[in-house]
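Trainee: Residue numbers (this note's numbering), protein chains in the order written: chain C, 107 to 437; chain U, 107 to 437. For each residue, glycine too, the CB sits at the ideal point set by N, CA and C. Take a look at the following structure, please.
Protein chains: 2
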Amino acid sequence: MPASLKQIARECGVSISTASRALNGHPGVNPATRERVLAAAGRAGYRPNNAARALRSRSSGTIGVVLPDMLNNFYAACTAVLQEQFEQHGYGMVLAVTRNDPAREREALRRLASAQVEGLVLVPTSRRWEFPDARVPVVEMNRHSSRAGIDVVQSEEREGSREIIDHLLGLGHERIAVIVGEPQFSTTAERVDGARAALEAAGLRLAPELLLAGRHTRAWGAEAFRTAWSLEPRPTAVFTASSELALGALHAAQQLGAAVPRDVSLAAFGDPDWFDVCRPPLTCFEQPLQEVGMITAQLLLSRLSGDQPDHRASRVRVAGRLVIRDSVAPT
Amino acid sequence: MPASLKQIARECGVSISTASRALNGHPGVNPATRERVLAAAGRAGYRPNNAARALRSRSSGTIGVVLPDMLNNFYAACTAVLQEQFEQHGYGMVLAVTRNDPAREREALRRLASAQVEGLVLVPTSRRWEFPDARVPVVEMNRHSSRAGIDVVQSEEREGSREIIDHLLGLGHERIAVIVGEPQFSTTAERVDGARAALEAAGLRLAPELLLAGRHTRAWGAEAFRTAWSLEPRPTAVFTASSELALGALHAAQQLGAAVPRDVSLAAFGDPDWFDVCRPPLTCFEQPLQEVGMITAQLLLSRLSGDQPDHRASRVRVAGRLVIRDSVAPT
DNA sequence: CTGAAAGCGCTTACAG
DNA sequence: CTGAAAGCGCTTACAG
Numbered sequence: 107m108p109a110s111l112k113q114i115a116r117e118c119g120v121s122i123s124t125a126s127r128a129l130n131g132h133p134g135v136n137p138a139t140r141e142r143v144l145a146a147a148g149r150a151g152y153r154p155n156n157a158a159r160a161l162r163s164r165s166s167g168t169i170g171v172v173l174p175d176m177l178n179n180f181y182a183a184c185t186a187v188l189q190e191q192f193e194q195h196g197y198g199m200v201l202a203v204t205r206n207d208p209a210r211e212r213e214a215l216r217r218l219a220s221a222q223v224e225g226l227v228l229v230p231t232s233r234r235w236e237f238p239d240a241r242v243p244v245v246e247m248n249r250h251s252s253r254a255g256i257d258v259v260q261s262e263e264r265e266g267s268r269e270i271i272d273h274l275l276g277l278g279h280e281r282i283a284v285i286v287g288e289p290q291f292s293t294t295a296e297r298v299d300g301a302r303a304a305l306e307a308a309g310l311r312l313a314p315e316l317l318l319a320g321r322h323t324r325a326w327g328a329e330a331f332r333t334a335w336s337l338e339p340r341p342t343a344v345f346t347a348s349s350e351l352a353l354g355a356l357h358a359a360q361q362l363g364a365a366v367p368r369d370v371s372l373a374a375f376g377d378p379d380w381f382d383v384c385r386p387p388l389t390c391f392e393q394p395l396q397e398v399g400m401i402t403a404q405l406l407l408s409r410l411s412g413d414q415p416d417h418r419a420s421r422v423r424v425a426g427r428l429v430i431r432d433s434v435a436p437t
Numbered sequence: 107m108p109a110s111l112k113q114i115a116r117e118c119g120v121s122i123s124t125a126s127r128a129l130n131g132h133p134g135v136n137p138a139t140r141e142r143v144l145a146a147a148g149r150a151g152y153r154p155n156n157a158a159r160a161l162r163s164r165s166s167g168t169i170g171v172v173l174p175d176m177l178n179n180f181y182a183a184c185t186a187v188l189q190e191q192f193e194q195h196g197y198g199m200v201l202a203v204t205r206n207d208p209a210r211e212r213e214a215l216r217r218l219a220s221a222q223v224e225g226l227v228l229v230p231t232s233r234r235w236e237f238p239d240a241r242v243p244v245v246e247m248n249r250h251s252s253r254a255g256i257d258v259v260q261s262e263e264r265e266g267s268r269e270i271i272d273h274l275l276g277l278g279h280e281r282i283a284v285i286v287g288e289p290q291f292s293t294t295a296e297r298v299d300g301a302r303a304a305l306e307a308a309g310l311r312l313a314p315e316l317l318l319a320g321r322h323t324r325a326w327g328a329e330a331f332r333t334a335w336s337l338e339p340r341p342t343a344v345f346t347a348s349s350e351l352a353l354g355a356l357h358a359a360q361q362l363g364a365a366v367p368r369d370v371s372l373a374a375f376g377d378p379d380w381f382d383v384c385r386p387p388l389t390c391f392e393q394p395l396q397e398v399g400m401i402t403a404q405l406l407l408s409r410l411s412g413d414q415p416d417h418r419a420s421r422v423r424v425a426g427r428l429v430i431r432d433s434v435a436p437t
């Protein structure tokens, strides 16, 4: 049974008001009294009850984070940064996962509202979400919904995609398969856009049969690669819009005996740790995960501290960079 | 401003007691009244205040999870399973990360105590941790401390290590470098033990120069591999005790121009997604991540539900399996 | 510098 | 079936 404020106060012969003030470092407490209270609390292993404190002070000291999936390398990295930043500023983090299911998202937002989170980082899975408490600042991370007036922090999706395709075009590829995830996500739309723009700038177009949309899974990456490989004529290059898709595509290529990059070039969006030890090391667009997490945290924290004179919503796009390895060859 | 119980009650012309009972599905509420309350709550987007509920009912509905690092594939996977299981049983999860720092661990445990968690999953980083509230059931996951009477769920560390070494021995390797992480972790000790036991069973021994202990990072994996490679005579095989270490070792091998498995064989503990697309695909001992997470959750949940007639601590070791790929060749 | 008191939003015996 | 009341453990004006 953990000690309560009351017990500490009694032990020191002071009121609970005084004990509370001493523990919370309020000014205007006799230093000797403060010492006594601190000592007693230390001895008893006193821990304030968060629920009571939150209830009374009307602030939970907590920020909610809603994301699709903890296993995804990108989200895991961002979340690690968020958690560290929030902790440094005295906030706890409460996590909810949606698996890209709008119903789960709805439920997650409810739960976080019940937890009285003071701020929210959201990787939206539906185009129109609702948060019960309109006073809570929200930042959309990576993906964005169609809601107006919400801060968004993402990487340069369109530009990244365009750089990859430009790189392929520069090496003579013209028939390029584009493998992407869920079409309803803003990231997918933007990556496809970027690819399309690059092709059109070169006087080419993205043939419908070469655009393969499915889900951000290894399985779909593999299936889509096989589909692309069965096309007539075959594409000379494949662009996968995430590392999971690349994993599947690479595996499928190895199974089909398609040598990368001799038979087909492969380039991906994202750059997990293992891209440089795979067979072959993959050329890719490195997403600025750390920065996205950091900027998201800073933006939310500045909204929370209220010293954000500018009340307009921000839209931050963080630059990434092309990393050239061995998976792309000239035609 | 989210609606409170009081407002809902007033709107329906009932007392807050009745509104509370209706919302919480207590028996003995007039169905018509219940309907009215539910409807009003729905309209108002009512969400109960967790803090108030936790304070009054003395149960937070929350389980704490303390782990070293969210980026680690093993912990991310376990945590995903834990979160899903806890959610299914009506518990929220609150996460704390220690970065293998005992001081951070101490602080994390305090924070979770303040949050009144009802149960705790802990990947311990110190040999003797303390949780302020002795009534809270704790399960140690993956690693274990030296505390008696605590449930532990882990994979078969010793056996996995032994299987790997036996496999190498079977192909004629006798000079095998063993690269491990932090020596103070139980997992490290057990993996080293397993390796040593396998060697001794074959009438060999683990030479001190061949045991390279550092940290579970890519950087240490690379450095240790370079050290091993500079030994005279060179080892013919390298065993890395985690996937991060394997990543570093593989990268170092590629940089040194050491062809795996022609010049040196490589085998690892753990089996992340990408092991089968790297160069070469890695032979390894597959850790049962899902199962470890699942069993941990079930064990803690059964302690919480109190229907655990057996009060003795459990020590569960989940079996893994050897996965043979292309990174090991006969001498 | 300190204490008595109110009250945060709920749940839960208790009485009717 | 319903309501009035107590109280969970704190914080915070308010009075001294």
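Check distances from the C-beta atoms of the stretch 356-386 of chain U to those of chain C and list, in chain order, the residues that come in under 8 Å.
Mentor: The residues in question are L356, H357, Q360, P378, D379, W380, D382, V383, C384, R385 and P386.
Trainee: With burial defined as no fewer than 16 other Cβ atoms inside 10 Å of the residue's Cβ, what is the status of N130 (chain U): buried or exposed?
Mentor: By one-based count along the second sequence, residue 130 (chain U) stands at place 24. So N130 (chain U) ends up on the exposed side.
Trainee: Measuring only the C-alpha atoms, how far is D272 (chain U) from F180 (chain U)?
Mentor: Locating residue 272 (chain U) in the second sequence gives position 166, counting from the first residue. Locating residue 180 (chain U) in the second sequence gives position 74, counting from the first residue. Computed Cα separation, rounded: 24 Å.
Trainee: What residues in the stretch 198-223 of chain U bring their beta carbon closer than 8 Å to a beta carbon of chain C?
Mentor: Residues of the stretch 198-223 of chain U whose Cβ lies closer than 8 Å to any Cβ of chain C, in chain order: G198, M199, V200, L201, V203, R216, R217, A219, S220, A221 and Q222.
Trainee: Whose C-beta lies closer than 7 Å to the C-beta of S121 (chain C) among residues of the same chain, with five residues either side of it excluded?
Mentor: If you number the first sequence from 1, residue 121 (chain C) lands on position 15. The answer, listed in chain order, is A115.
Trainee: Applying the criterion that 16 or more other CB atoms from any shown protein chain within 10 Å of the CB defines a buried residue, is P436 (chain U) buried or exposed?
Mentor: Within the second sequence, the letter at position 330 stands for residue 436 (chain U). Answer is exposed; the Cβ neighbour count stays below 16.
Trainee: Could you give the residue range of the alpha helix (DSSP H) that holds V120 (chain U)?
Mentor: Against the second sequence, residue 120 (chain U) aligns to sequence position 14. No alpha helix (DSSP H) contains V120 (chain U), which DSSP labels as neither H nor E.
Trainee: Do Q189 (chain U) and M199 (chain U) have their C-beta atoms within less than 7 Å of each other?
Mentor: The residue labelled residue 189 (chain U) in the question sits at position 83 within the second sequence. The residue labelled residue 199 (chain U) in the question sits at position 93 within the second sequence. In this structure, M199 (chain U) lies closer than 7 Å to Q189 (chain U) by Cβ.
Trainee: Can you tell me where the beta strand (DSSP E) holding C390 (chain C) begins and where it ends?
Mentor: The residue labelled residue 390 (chain C) in the question sits at position 284 within the first sequence. Here the beta strand (DSSP E) through C390 (chain C) covers T389 to E392.
Trainee: On the DSSP letters alone, give me the boundaries of the alpha helix (DSSP H) that E246 (chain U) sits inside.
Mentor: Taking the first residue of the second sequence as position 1, residue 246 (chain U) is located at position 140. Unbroken run through E246 (chain U) is the beta strand (DSSP E), V244 to M247; no alpha helix (DSSP H).
Trainee: Rounded to a whole number of angstroms, what is the C-alpha to C-alpha distance between D207 (chain C) and Q404 (chain C)?
Mentor: Within the first sequence, the letter at position 101 stands for residue 207 (chain C). Within the first sequence, the letter at position 298 stands for residue 404 (chain C). Near 28 Å, if we compare the C-alpha coordinates of Q404 (chain C) and D207 (chain C).
Trainee: Which of helix, strand or coil does DSSP assign to G198 (chain C)?
Mentor: Position 92 of the first sequence, counted from the start, is the residue given in the question as residue 198 (chain C). G198 (chain C): strand per DSSP, three-state reduction.
Trainee: State yes or no: is the C-beta of E392 (chain U) within less than 7 Å of the C-beta of R431 (chain U)?
Mentor: Numbered from 1 along the second sequence, position 286 holds the residue referred to as residue 392 (chain U). Numbered from 1 along the second sequence, position 325 holds the residue referred to as residue 431 (chain U). The Cβ atoms of E392 (chain U) and R431 (chain U) lie no closer than 7 Å to each other.
Trainee: So, is the C-beta of A128 (chain U) closer than 7 Å to a C-beta in chain C?
Mentor: Here residue 128 (chain U) corresponds to residue number 22 of the second sequence, with the count starting at 1. So no, A128 (chain U) is outside the interface.
Trainee: Using a 10 Å radius around the Cβ and a threshold of 16 neighbouring Cβ atoms, would you call S163 (chain U) buried or exposed?
Mentor: As a position in the second sequence, residue 163 (chain U) is number 57, starting the count at 1. Its Cβ having fewer than 16 others within 10 Å, S163 (chain U) is exposed.
Trainee: Within 8 Å, do at least three Cβ pairs link the stretch 241-258 of chain C to the stretch 313-329 of chain C?
Mentor: no
Trainee: Got a sec? Which residues, its chain only, sit under 7 Å from A328 (chain C) by beta carbon, not counting five neighbours each side?
Mentor: Along the first sequence, read from residue 1 onward, the residue named residue 328 (chain C) stands at position 222. So the list reads G354, A355, H357 and A358, once near-sequence residues are dropped.
Trainee: Is DSSP giving A419 (chain U) helix, strand or coil here?
Mentor: Here residue 419 (chain U) corresponds to residue number 313 of the second sequence, with the count starting at 1. In the structure shown, A419 (chain U) sits in coil (DSSP, three-state: anything other than H, G, I, E or B).
Trainee: Which residue from C:A157, C:L310, C:E211 and C:H417 puts its Cα closest to that of L274 (chain C)?
Mentor: Reading the first sequence from its first residue, position 168 is the one you call residue 274 (chain C). For L274 (chain C), the nearest C-alpha among the options comes from C:L310.
Trainee: Return the CA-CA distance between L218 (chain C) and G225 (chain C), expressed in angstroms with no decimal places.
Mentor: In the first sequence, counting from the first residue as 1, residue 218 (chain C) sits at position 112. In the first sequence, counting from the first residue as 1, residue 225 (chain C) sits at position 119. Straight-line Cα distance between these residues: approximately 10 Å.
Trainee: With 16 other CB atoms within 10 Å as the buried threshold, where does R409 (chain C) fall?
Mentor: Translated into the one-based positions of the first sequence, residue 409 (chain C) becomes position 303. R409 (chain C) should be labelled buried.
Trainee: Would R241 (chain C) be called buried (16 or more neighbouring beta carbons within 10 Å of its own) or exposed?
Mentor: Looking up residue 241 (chain C) in the first sequence gives position 135. That one is exposed.
Trainee: Looking only at its own chain, which residues have a Cβ that is under 8 Å from the Cβ of A150 (chain U), when we skip the five neighbours before and after it?
Mentor: The residue given as residue 150 (chain U) occupies position 44 in the second sequence. Excluding positions up to five away in sequence, the list reads A109, Q113, I114 and E117.
Trainee: Going by CA-CA distance only, name the one from C:P238, C:H132, C:L228 and C:L406 that's closest to R249 (chain C).
Mentor: Working through the first sequence from its first residue, we reach residue 249 (chain C) at position 143. Minimum Cα distance to R249 (chain C) is reached at C:L228.
Trainee: For a contact meaning CB atoms closer than 8 Å, what does L111 (chain U) contact in chain C?
Mentor: The residue labelled residue 111 (chain U) in the question sits at position 5 within the second sequence. In chain order: nothing, as chain C lies at least about 12 Å away.
Trainee: Quick check on R418 (chain C): buried or exposed, where buried means 16 or more other Cβ atoms within 10 Å of its Cβ?
Mentor: Residue 418 (chain C) sits at position 312 when you count from the first residue of the first sequence. The residue in question, R418 (chain C), is exposed, as its Cβ has fewer than 16 Cβ neighbours within 10 Å.
Trainee: Just to confirm the assignment, what range does the beta strand (DSSP E) spanning T346 (chain C) have?
Mentor: Locating residue 346 (chain C) in the first sequence gives position 240, where the first residue counts as 1. That run of the beta strand (DSSP E) goes A343 to T346.
Trainee: Give me the Cα-Cα distance between L277 (chain U) and A301 (chain U), rounded to the nearest whole angstrom.
Mentor: Against the second sequence, residue 277 (chain U) aligns to sequence position 171. Against the second sequence, residue 301 (chain U) aligns to sequence position 195. Approximately 15 Å, taken between the alpha carbons.
Trainee: For the stretch 360-371 of chain C and the stretch 392-401 of chain C, state whether three or more C-beta atom pairs, one from each stretch, are separated by less than 8 Å.
Mentor: Flag = no, the stretch 360-371 of chain C and the stretch 392-401 of chain C do not touch.
Trainee: Buried or exposed, going by whether 16 or more other CB atoms sit within 10 Å of the CB of S336 (chain C)?
Mentor: Counting from 1 along the first sequence, the entry for residue 336 (chain C) is found at position 230. Looking at its Cβ environment, which holds fewer than 16 other Cβ atoms inside 10 Å, S336 (chain C) is exposed.
Trainee: For N156 (chain C), go through chain U and note every residue whose CB falls closer than 9 Å to its CB, in chain order.
Mentor: Residue mapping note: residue 156 (chain C) aligns to position 50 of the first sequence, counting from 1. Those within 9 Å of N156 (chain C) in chain U are A157, A160, S166, R217, S220, A221 and Q222.
Trainee: Assign I271 (chain C) to one of three DSSP states: helix, strand, or coil.
Mentor: In the first sequence, counting from the first residue as 1, residue 271 (chain C) sits at position 165. Reduced to three states, the DSSP call for I271 (chain C) is helix.
Trainee: If you count every other CB in all the chains shown that lies within 10 Å of the CB of E263 (chain C), and 16 or more means buried, which is it?
Mentor: Counting from one through the first sequence, the residue named residue 263 (chain C) turns up at place 157. Buried: at least 16 other Cβ atoms inside 10 Å.
Trainee: So which of C:G320, C:A303, C:I282 and C:L173 has the shortest CA-CA distance to P289 (chain C)?
Mentor: Counting from one through the first sequence, the residue named residue 289 (chain C) turns up at place 183. It is C:G320 whose Cα lies nearest to the Cα of P289 (chain C).
Trainee: Straight-line CA distance for G148 (chain U) to D377 (chain C)?
Mentor: As a position in the second sequence, residue 148 (chain U) is number 42, starting the count at 1. As a position in the first sequence, residue 377 (chain C) is number 271, starting the count at 1. G148 (chain U) and D377 (chain C): Cα-Cα distance of roughly 45 Å.
Trainee: How would you call R297 (chain U), buried or exposed, if buried means at least 16 neighbouring beta carbons within 10 angstroms?
Mentor: Numbered from its first residue, the second sequence carries residue 297 (chain U) at position 191. Classification for R297 (chain U): buried.
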